[in-house]
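Protein chains in written order, with the numbering used here: chain X, 1 to 181; chain Z, 182 to 307. Here is the structure we will look at, set down as structure tokens.
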Amino acid sequence: MDFNIDDYYAQMNSGDTILAYKGSVSSELITNVLEVMDAKLEDLIVKKSIKKKLYNILVESLQNLYHHIDDLPDASNGKFDIHFGIFVVAKKEDYYKVSTGNFIKKEKIKPLKQRLDRIKSLSKNELKELYKNILNYQEFTQKGGVGLGLIDMAKRTEGNMEYSFTGYNDEYSFFNLDIYV
Amino acid sequence: MESLSIEGTNKTPSVNLDPESGVIEIKGRSIPENSIEFYRPIVEWLDQYAKNPNKKTIVNVQLEYFNTSSSKCILDIFKKLESLKKARNEVVINWYYEEDDEDMLESGEDYESIIRVPFKMIEIVE
């Protein structure tokens, strides 16, 4: 099956989309998206605690995306921008869906999948303990992260996330993560 | 020793560290992609402050949002305060959270359980 980014984007970006982006993911982009979303959520959501939860997920998922994109070696013949990623926020009936998509090297699939499955299987208390443990003992990575992004999002949504990997070529796959708030 | 004052932005909090009154304040949003740089001067200031601290240090943390990158730096700050307390100084930590913001209250409780300095949880009612 051929991977077609436009079909993929169209599929992610269906329904009541609040914001959809595909292209280069930079620090400036994150700042801009967060600013726009801050104003939008203010209009859309009455309950402040829901707004804050969703905003926290936006921050963490965008920064996770930013830190973990693997660039295709040839920036793929101009087909994809540098540091290419997809980001979609959609409103469903009684929840919000935050989706991210990015290329990753195939050798990272297995450990990432194990990590996600483990996080998804943990109870609220187990997530809390894991979070505290990593916070207390883990040092910063070179990327300036602490490896807490996924756990933090799972903690806030009680593990309500889905993921998939779609093969792109021999070396790379496209990683899609959906988080439900 | 000089006070340290940093103005807030939409990604970083406002910071006021006053050695004379012993009041330490961090307020606003802390969501930079890489927080180490932002927090470095604060941690360094605390190292200096610990050499000759006020009898009583009052810490006010009032964050609207913080990301996981900041969470580690904030813990580093709390660890400095824990040492200050271990050295027999009075340290009061006030953790502010907005009404109904369970996640923020929980974050405060998480820190409290790691550093073993009691927090005063203060709910802000609009």
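All C-beta atoms, glycine included, are put in the ideal place defined by N, C-alpha and C. Predicted, not measured: the structure shown is a model, and the values here were computed from it.
- Taking a contact as a CB-CB distance under 8 Å, the pair THR157 (chain X) and ILE57 (chain X) counts as one, their CB atoms being some 7 Å apart.
- Beyond the five residues adjoining it in sequence on each side, VAL306 (chain Z) comes within less than 6 Å, by CB distance, of GLU280 in the same chain, given in chain order.
- DSSP places ASP178 (chain X) inside the beta strand (DSSP E), whose first and last residues are 172–180.
- Taking 8 Å as the cut-off, the beta carbon of ASP284 (chain Z) is found no closer than this to the beta carbon of LYS132 (chain X).
- In the DSSP assignment, LEU198 (chain Z) is bridged to Z:LEU185 and Z:ILE205.
- TYR55 (chain X) is positioned such that its CB atom lies closer than 8 Å to that of TYR246 (chain Z).
- For GLU263 (chain Z), the closest Cβ of chain X is not nearer than 8 Å.
- Spatial neighbours of MET182 (chain Z) in its own chain (CB-CB distance under 8 Å, excluding positions within 5 residues in sequence) are listed in chain order as PRO200, GLN229, TYR230 and ASN233.
- If you look at LEU244 (chain Z), you'll find it in the beta strand (DSSP E) that goes 237–247.
- When Cβ-Cβ separations below 8 Å define contact, VAL146 (chain X) makes contact with chain Z.
- By the Cβ-count criterion, GLN63 (chain X) is buried, with 16 or more other Cβ atoms from all chains shown falling within 10 Å of its own Cβ.
- Just measuring C-alpha positions, the residue of X:SER49, X:ARG118 and X:GLU60 sitting nearest VAL33 (chain X) is X:GLU60.
- A distance below 6 Å between beta-carbons, with the five flanking residues on each side excluded, links SER288 (chain Z) to no residue of its chain.
- Residues of chain X whose Cβ lies closer than 9 Å to the Cβ of ASP199 (chain Z) do not exist; the shortest such Cβ separation is about 28 Å.
- By the Cβ test, the stretch 206–223 of chain Z is in contact with the stretch 185–194 of chain Z, since at least three Cβ pairs between them sit closer than 8 Å.
- DSSP places GLU271 (chain Z) in the uninterrupted beta strand (DSSP E) bounded by 271–279.
- Sequence-distant partners of LEU65 (chain X) (beyond 5 residues in either direction) whose C-beta falls short of 7 Å from its own C-beta, in its chain, are VAL25, GLY85, PHE87, THR100 and ASN102.
- When DSSP states are grouped into helix, strand and coil, SER61 (chain X) belongs to the helix group.
- In the same chain as LYS108 (chain X), and ignoring 5 residues on each side of it, the C-beta atoms closer than 8 Å to its own belong to ASP70, in chain order.
- By the Cβ neighbour-count rule, ALA39 (chain X) is exposed, with fewer than 16 other Cβ atoms within 10 Å of its own.
- Against chain X, a Cβ distance below 7 Å from LYS253 (chain Z) picks out LEU135, PHE140 and VAL146.
- For LYS267 (chain Z), the closest C-alpha among the options Z:LYS237, Z:ILE255 and Z:LYS301 is that of Z:LYS237.
- The CB of SER27 (chain X) comes closer than 7 Å to the CB of GLU214 in chain Z, given here in chain order.
- Within the stretch 63–108 of chain X, the runs of beta strand (DSSP E) that reach at least 3 residues and sit entirely inside it are, in chain order, 84–91 and 96–105.
- Residue environment analysis places ASN4 (chain X) among the exposed positions, since fewer than 16 neighbouring C-beta atoms fall within 10 angstroms of its C-beta.
- For SER24 (chain X), there is no enclosing alpha helix (DSSP H); the residue is part of the beta strand (DSSP E) that begins and ends at 17–24.
- In its chain, beyond the 5 residues on either side, TYR180 have a beta carbon closer than 6 Å to the beta carbon of ASN160 (chain X).
- DSSP places SER49 (chain X) within a helical segment (H, G or I) once states are collapsed to three.
- Looking at the DSSP output, LYS301 (chain Z) sits in a beta bridge with Z:ASN275.
- Taking a C-beta cut-off of 7 Å against chain Z, the contacting residues of the stretch 42–56 of chain X are LYS48, SER49, LYS52, LYS53, TYR55 and ASN56, listed in chain order.
- Listed by position along chain X, the residues whose Cβ is nearer than 8 Å to that of ILE295 (chain Z) are LYS132, LEU135 and ASN136.
- The C-beta of TYR96 (chain X) comes no closer than 8 Å to any C-beta of chain Z.
- In the structure shown, THR190 (chain Z) adopts coil according to DSSP, grouped into three states.
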